[in-house]
Structure formats: C-alpha cells, structure tokens
Amino acid sequence: MARLKIESLRKSFAATTAVDDFSLDVGDGELVCLLGPSGSGKSTILRMIGGFEQPTSGMIRIDGQDVTRLSPERRPTGMVFQSHALWSHMNVFNNIAFGLKLRSLSRGEIQRKVDQALELVGLAGYGHRQTFQLSGGQQQRVALARSLVLEPKILLLDEPFASLDQHLRERLREEVRDIQQRLGITTLFVTHGQDEALAMADRIVVLRNGQCEQVDAPDVLYRNPQTEFVAGFIGQMNFLSANVEGGRFRHPDFTLDVEVQDGPAVLALRPEALRLEPSDSPDAAGVTRATDFGSHIMVDVELRDGARLKVMTAPDARWQKGQTVRLAASAFALYRQNRLLARGGLPVETVEGRSRHALA
Amino acid sequence: MIRSYSSTSGRFDWMGLAFAILLVIVIAVPLLVVFTWAFTEVWRYPSVIPQKFGLRFWDQTLSRADVWEALFISLRLSATVTALSALICLPAAYAFARMKFPGRDLFFLSFLASHAFPKFGLLVAIAAIFLQLNLIATFWGVVLIQLVGTLMLMIWIPVAAFQAVDRRMEEAARDVGAGPLRVFWSITLPQAGPTIFAAVLLTFVSTFYETEGAWLIGAPQIRTMPVLMINFINNQVVVQYGAVLSVILWVPSFIALIFARRVIGTGSFAKGFGA
Ligand SMILES: Nc1ncnc2c1ncn2[C@@H]1O[C@H](COP(=O)(O)OP(=O)(O)OP(=O)(O)O)[C@@H](O)[C@H]1O
Ligand SMILES: [Mg+2]
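Note that the protein sequences, when read in sequence, are chains U and E.
First residue of the first sequence: 11, per the numbering used here; consecutive thereafter.
First residue of the second sequence: 3, per the numbering used here; consecutive thereafter.
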C-alpha cells in the first residue's frame with residue numbers, strides 16, 4: 011500500500027535545468043513508465059525519488075510522508091540501476107542479504123528471505139555464485155532481488171534492461187511486470203524504449219527537456235497524443251506541414267476542413283490510418299519502396315512536393331516501386347506549436363497490429 | 003603475445019635486444035656483484051671470480067647485537083609509520099576522491115608541491131624544529147619525519163583507487179539502508195582494497211629503506227638497518243658486511259613486491275569480470 015506524490019519538482023545543475031516543474035501522482039500498485047529521449051531528465055527524477063539527488067525545489071511524498079530531504083537509506087524506496095551495481099566482492103547471497111543484515115534480522119530469517127527472493131526472480135540455488143559468474147540477465151535479476159527482499163514501498167528501475175539483447179529484454183520485462191503485479195508494488199520505470207513502455211506500463215509519462223509532455227495510459231497516448239512531440243515519439247507518424255486558410259488545411263495532397271484559426275499547422279497521420287489506391291492521375295503520388303514485414307507491408311510514398319509518407323498495408327497487397335497511387339486517411343490530428351488543434355476520423359481498427367508492428 | 007612474435011618474425015628486433023642488454027647491465031650486474039660479495043671470503047684484484055666462497059661473513063653479521071637491534075627498530079618504525087599514514091591518509095584520500103569542498107584542488111596541489119621541494123633542505127629545516135621540540139634522536143621523531151615522506155604515496159594511489167570504485171555500487175548500498183560510514187567500510191574499502199593494500203605495502207617497504215630522515219633525526223640513538231648498513235660501508239673496508247646486509251634487506255622487499263603484484267593483478271582481473 012503505497013502512493014507516490016511528486017509536486018512541482020525542479021532540479022538545476024549549474025547551467026542546465028534537468029527537471030522543470032514536474033508533478034505526478036502514482037497510485038497504489040501502479041506501474042508508471044518515464045519515457046523520453048536521452049537527456050530529458052528521466053534518471054534525474056528517479057534519483058531524486060531515491061534520494062541520490064537533492065531537488066532544487068518541490069516536494070516528494072510517499073504515503074503522505076514528506077521524504078524530500080531524507081537520505082537514501084531512510085527512504086522506503088528500492089532502486090535497480092542500469093549497470094546492476096552488484097557488489098563484486100560479495101557472492102549472490104551476500105548481495106541480497108546485505109540490507110537484511112543491516113536490519114539485524116536473525117540468521118534463519120535472512121536465509122529464508124534471501125531464498126524467497128531468489129525464487130521470485132527465478133534464480134533459486136544461485137546464492138553461492140560470484141556475481142561475475144552470472145549472465146547479464148541473471149545479474150539484473152539479482153539486482154532486482156536485492157531491492158525486493160527489503161519490501162520497499164516504491165520500486166525504482168532505471169533502464170534495467172538497456173544493456174541486454176532484444177530477446178532477453180522482452181522476456182525480462184514480462185517477468186518484471188509479472189512480479190510487480192503479484193507483489194502489487196508501486197513502481198516507477200525509466201526507459202527510452204517506447205515498446206518497453208507500451209508493453210509494461212499502466213501509465214506512461216512522456217518527458218522532454220525536463221518537462222512533462224503528457225501522462226496517459228499507453229492506448230490513450232498512442233491514439234490521442236496531445237502534442238506533436240508525443241505524436242512523433244510514440245509509434246510511427248507521418249507529418250505534413252501546410253497553412254490553414256479560411257477553415258481549410260491546404261496541402262497539395264491533403265486538404266481538410268478544420269475549424270481552427272488561420273496559420274501554419276502540422277497534420278499527423280498514422281501509417282495504419284492511411285489507405286492506398288491505384289491511380290492514373292498524372293499528379294498522383296509515387297511508391298518509392300515496399301518493405302515486407304510478413305504481417306504487414308510498409309509502403310513508402312513520395313508526394314508531389316517531395317514529402318515522404320509511410321503507409322501500412324495488408325500483407326497480401328502488392329505495390330510496385332514507381333506505381334502511382336492515391337492516398338486516403340481515416341484518422342488525423344492537427345498540431346500548431348506543439349499543441350493539439352483538432353483531431354478527427356474513425357478510430358483505427360487494427361489495435362493488435364499497432365503495438366507489435368507499427369513500433370518495431 | 004603470439005601476434006607480436008609473428009609480426010617480428012621477418013626481421014630481427016635489434017632495438018629490443020639493445021634494451022634487454024642495457025637493462026641487464028644496469029639492473030642485473032650490480033645485483034649479481036652484491037650477491038657474489040655476500041658469499042665471498044676472499045676476492046682480490048684482478049681475479050674475475052672470488053678466490054674463496056663461504057658463509058663466514060653471514061655468521062659474523064648475524065651474530066652482532068647491533069644488527070638485530072637495528073632490524074627490530076626498523077620493523078617497529080615501518081609498522082608504526084605505515085599504520086599512522088594509513089589512518090591519516092585513507093580518509094583524506096576518500097575525501098579527495100568523493101567530496102567536493104572549497105580549496106580541494108589547492109590542497110591537493112600543496113601535497114605535490116611539498117614533495118617537489120628538494121628533500122634534504124626540507125629535512126634540515128624540520129630537523130631544526132625538532133631540535134627545539136626535543137624530538138631529535140627519539141623514536142617518535144623518526145616516526146614523524148618518515149611519516150611526512152609517506153604522505154604523497156598514501157594519498158595519491160588511494161585517491162585513484164577510490165575514484166575507480168563504481169559510484170552506483172555505493173549508491174546501491176545506501177539504497178538498502180547503509181549509512182555513509184557503513185558504505186565506506188563494506189563497499190568502498192573492499193572494492194578499492196587490492197590497490198590500497200599495494201600502497202600500504204609500498205609505504206612499508208619504502209619506509210623500511212628510508213635513510214636520510216632516519217639518519218638526520220635518529221642518529222645516534224636510533225639506528226635503522228639501512229643507516230647501519232651505511233655505517234658499515236663507510237667505516238669498514240670489509241665490503242662483505244654491506245653486501246650481506248643488502249641481501250638480507252633485499253629479500254623481504256622483493257617478496258613484498260611480488261606479493262603486491264599478485265594482489266593487484268587478481269584485483270583488476272575480478273573487476274574486469276564484474277564490470
Ligand atoms: N550530475 C550532473 N551534473 C550536471 N548535469 C547533469 C548531471 N546529471 C544529469 N545532468 C544533466 O541533466 C539532464 C538530464 O539528465 P538525465 O540523466 O536525467 O537524462 P535521462 O533522461 O536519464 O537520459 P538518458 O536516457 O540518456 O539516461 C542532462 O542534460 C544531463 O546532462
Ligand atoms: Mg538516464
């Protein structure tokens with residue numbers, strides 16, 4: 011039972027502002043992902059929650075208790091680092107037991123808890139191993155067990171799988187999600203892999219330059235990005251720039267009636283929201299490439315003004331390079347200065363398809 | 003290794019040979035001469051090989067009371083100086099490596115500066131002060147002067163060792179509930195351990211052989227092994243006394259250095275895996 015509340019958190023290093031007015035509520039048992047490009051302040055936020063950095067201003071509460079000024083060892087948080095940070099002069103058992111010993115538990119109790127933790131992460135019987143005798147994935151599991159054994163109120167994970175290969179990463183994130191659900195532990199997870207965030211999170215926080223762009227459930231974030239940045243960051247997105255004049259978005263290939271003020275705007279179209287039809291018109295768009303992903307085909311289309319779009323088509327469709335085509339959109343969003351102006355169209359049907367392919 | 007052999011297989015490596023010969027002349031020949039003298043009873047010019055080998059001078063040297071006394075004084079001095087040096091320098095080195103405080107760089111520079119100063123001049127100045135404090139010719143006087151000499155090594159190497167310790171490891175320990183002191187004791191020190199152990203060992207060995215300070219401050223009451231050796235060589239024409247003492251002094255330091263090499267070697271080995 012733990013809630014995390016972050017209020018107007020701010021952190022400056024000398025000249026740079028790493029985190030700028032960041033607020034977030036994490037509910038009991040929730041898994042929230044911090045997602046953003048490199049240098050957007052994800053680690054800094056996590057480290058402030060863990061107590062390794064002092065906020066310049068703002069407040070952090072865990073279950074109502076203000077922990078902003080507490081040192082790391084007094085906080086009910088458990089952190090898993092990207093570099094696992096296992097103590098190489100101790101074996102696996104002692105790595106996990108270290109925190110328990112500090113709490114002066116009895117020997118039997120420690121043994122029992124360590125065994126339990128190893129069992130939880132699927133490493134029963136590995137206690138006597140040295141840390142360098144483990145694979146990268148196993149090391150990360152030990153690091154996870156080391157944090158979990160102390161039953162922290164908040165679990166903090168900073169890109170724990172970043173140094174692992176793709177397959178292992180996918181397996182581990184399922185395992186971590188599974189453990190997290192079973193224990194019902196409130197978790198904050200940092201990643202810059204959007205597929206990781208979409209696969210694991212209850213809610214995703216998209217960060218940019220230390221500021222929060224949007225906080226939403228993965229499906230909402232994907233279907234209804236509130237800013238142009240989020241639209242481009244999550245999944246694949248085609249952008250077309252043009253002017254809105256007299257209630258009409260005037261792009262040579264896409265004209266659209268929208269009730270917004272005149273001015274420049276950016277039209278955002280998902281590849282799966284676009285449809286292709288053969289066309290004989292002399293000023294139609296041309297296919298430049300078709301890439302077969304097995305489950306779908308991604309067709310690159312070049313418009314007359316040189317803009318390139320990606321269109322997702324069914325796997326049985328055959329599109330040749332150089333073929334002229336006409337485009338139709340079933341859903342769109344319109345942005346101006348990174349803000350959502352308008353959106354419309356039917357919701358995209360291929361829900362299954364998007365998380366597996368559109369993001370690959 | 004194999005690659006370097008094959009790459010030189012075409013041409014003979016004259017440079018390498020020249021270096022090897024130079025090293026042998028500079029290092030091995032004097033050692034060999036000292037060794038030979040230590041086991042020689044008669045060796046007169048112009049013979050290349052001693053006329054008579056024997057252990058007579060070992061007997062004579064080892065039966066002298068002043069040799070044993072000097073040995074124990076040297077051991078006591080080195081142990082005391084090394085312990086004090088570690089006690090003072092290790093926390094300071096940690097502070098240098100981990101903490102940011104005003105004047106940090108200036109302080110560090112001053113350490114180096116004091117060691118760039120001509121040593122004998124510094125020693126004489128200190129001796130003058132010690133004279134007023136009645137520290138001349140006392141055990142603690144020598145301890146103090148030698149302590150000053152060890153500071154740089156005992157700060158510099160441990161600073162590097164502490165800086166090499168992964169910060170995340172320390173943070174992970176804080177995270178599971180260890181206070182700063184506990185982290186230092188249970189994580190930082192063991193991680194930096196092999197290198198620091200080598201620094202301690204080197205400090206011990208170099209203190210054991212330190213002569214200038216020991217002679218200037220300690221004479222005549224406190225006579226260490228090296229000082230005694232110099233006396234032997236200066237006052238008596240018998241080369242063998244000096245040679246025997248040299249060999250006696252050489253053996254433990256050689257063992258210590260081999261040991262240090264092994265410890266450092268395995269340390270970096272394990273770290274390479276753990277990284
Ligand atoms: N100790 C520090 N001193 C100075 N600047 C720092 C420090 N730590 C982080 N920063 C700066 O703060 C900003 C945010 O860094 P942070 O590590 O939080 O990014 P991140 O989102 O975790 O990036 P990545 O995905 O690369 O890990 C960066 O501009 C970084 O240079
Ligand atoms: Mg980071």
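The beta-carbon is built from N, C-alpha and C at its ideal position, and this holds for glycine as well.
In this text, all values refer to a predicted model and were calculated from it rather than measured experimentally.
Along chain E, which residues have their Cβ under 7 angstroms away from the Cβ of residue i?
i        : result
U:His99  : Pro192, Gln193
U:Glu83  : Arg176, Gly179, Ala180, Gly181
U:Arg318 : Those within 7 angstroms of U:Arg318 in chain E number zero; the least Cβ separation is about 42 angstroms.
U:Arg156 : Val178
Just checking residue i against ligand 3 - is the residue's beta carbon closer than 7 angstroms to any of the ligand's heavy atoms?
i       : result
U:Lys15 : No copy of ligand 3 occurs in the structure displayed; its ligands are ligand 1 and ligand 2 alone.
Measure from the C-beta of residue i to each C-beta in chain U and report whether the shortest distance is under 8 angstroms.
i        : result
E:Arg106 : no
E:Tyr96  : no
E:Ile260 : no
E:Asp68  : no
E:Arg5   : With a pLDDT of 45 at E:Arg5, under the threshold of 50, the modelled position of this residue cannot be trusted, and the question is left open.
With a threshold of 7 angstroms, establish whether the CB of residue i neighbours any heavy atom of ligand 2.
i        : result
U:Glu129 : no
U:Asp168 : yes
U:Ser53  : yes
E:Val253 : no
U:Val215 : no
U:Val200 : yes
In chain order, what residues of the same chain have a beta carbon less than 7 angstroms from the beta carbon of residue i, not counting five sequence neighbours either side?
i        : result
E:Phe110 : Phe98
U:Asp293 : Arg314
E:Val83  : Val145, Gln148, Leu149, Thr152, Thr209
Which chain U residues are close to residue i, counting only those with a beta carbon under 7 angstroms from its beta carbon?
i        : result
E:Met171 : Ala95, Trp97
E:Ile189 : Trp97
By the criterion of Cβ-Cβ separation under 8 angstroms, what are the contact partners of residue i in chain E?
i        : result
U:Leu160 : Val178, Gly179
U:Arg113 : Gly179
U:Met89  : Glu173, Ala174, Asp177
Counting only C-beta atoms, is residue i closer than 8 angstroms to chain E at any point?
i        : result
U:Arg139 : no
U:Arg79  : no
U:Phe171 : no
U:Phe108 : yes
U:Arg218 : no
U:Gly60  : yes
U:Pro274 : no
Give me the chain E residues within the contact set of residue i, using Cβ-Cβ distance strictly less than 9 angstroms, ordered along the chain.
i        : result
U:Phe239 : Those do not exist, as U:Phe239 stays about 30 angstroms from chain E at its closest Cβ, beyond 9 angstroms.
Using a Cβ-Cβ cut-off of 6 angstroms (strictly less than) and excluding sequence neighbours within five positions of residue i, which residues of its own chain qualify?
i        : result
U:Pro235 : Ala241
U:Leu279 : Asn248, Ala339, Phe342
U:Thr7   : For residue 7 of chain U there is no data in the structure shown, the boundaries of chain U being 11 and 370.
E:Ser225 : Ser is not the amino acid found at residue 225 of chain E; the sequence shown has Arg there. Cβ within range, chain order: Ala72.
U:Thr78  : Met69, Ile70
At a cut-off of 7 angstroms, is residue i close to ligand 1 when judged by its beta-carbon and the heavy atoms of the ligand?
i        : result
U:Ser116 : no
U:Phe303 : no
U:Ala12  : no
U:Phe23  : yes
U:Ser48  : yes
U:Ala207 : no
U:Ala28  : yes
Which same chain residues, not among the five before or five after residue i, have their C-beta less than 8 angstroms away from its C-beta?
i        : result
U:Ala25  : none
E:Val44  : Pro52, Gln53, Lys54
U:Ile307 : Ala300, Thr301, Met322, Thr323, Ala324, Pro325, Ala327, Trp329
E:Leu155 : Ala201, Leu204, Thr205, Ser208
U:Leu133 : Val102, Gln148, Arg151, Val152, Ala155
E:Leu86  : Val145, Leu149
E:Pro182 : Arg176
Using a cut-off of 8 angstroms between C-beta atoms, extract the partners of residue i located in chain U.
i        : result
E:Val168 : It should be noted that the sequence gives Asp, not Val, for residue 168 of chain E. The answer, in chain order, is Ser93, Ala95.
Inset, instruction - For the segment 105-191 of chain U, list the alpha helix (DSSP H) runs that are entirely contained and at least 4 residues long, ordered along the chain. - result: Positions of the alpha helix (DSSP H) runs, each at least 4 residues long and wholly inside the segment 105-191 of chain U, are given as 117-130, 146-158 in order along the chain.
Legend entry - Contained alpha helix (DSSP H) runs [length at least 4] in the segment 120-190 of chain E, N- to C-terminal order: With a minimum length of 4 residues, the continuous alpha helix (DSSP H) runs that stay inside the segment 120-190 of chain E are 121-134, 141-166, 169-177, 182-185.
Legend entry - Residue ranges of each alpha helix (DSSP H) within the segment 213-247 of chain U, 4 or longer: The segment 213-247 of chain U contains these whole alpha helix (DSSP H) runs: 228-233, 238-243.
Inset, instruction - With a floor of 4 residues, list each alpha helix (DSSP H) that falls wholly inside the segment 6-73 of chain E, ordered by position along the chain. - result: Correct list: 16-25, 31-40, 58-64.
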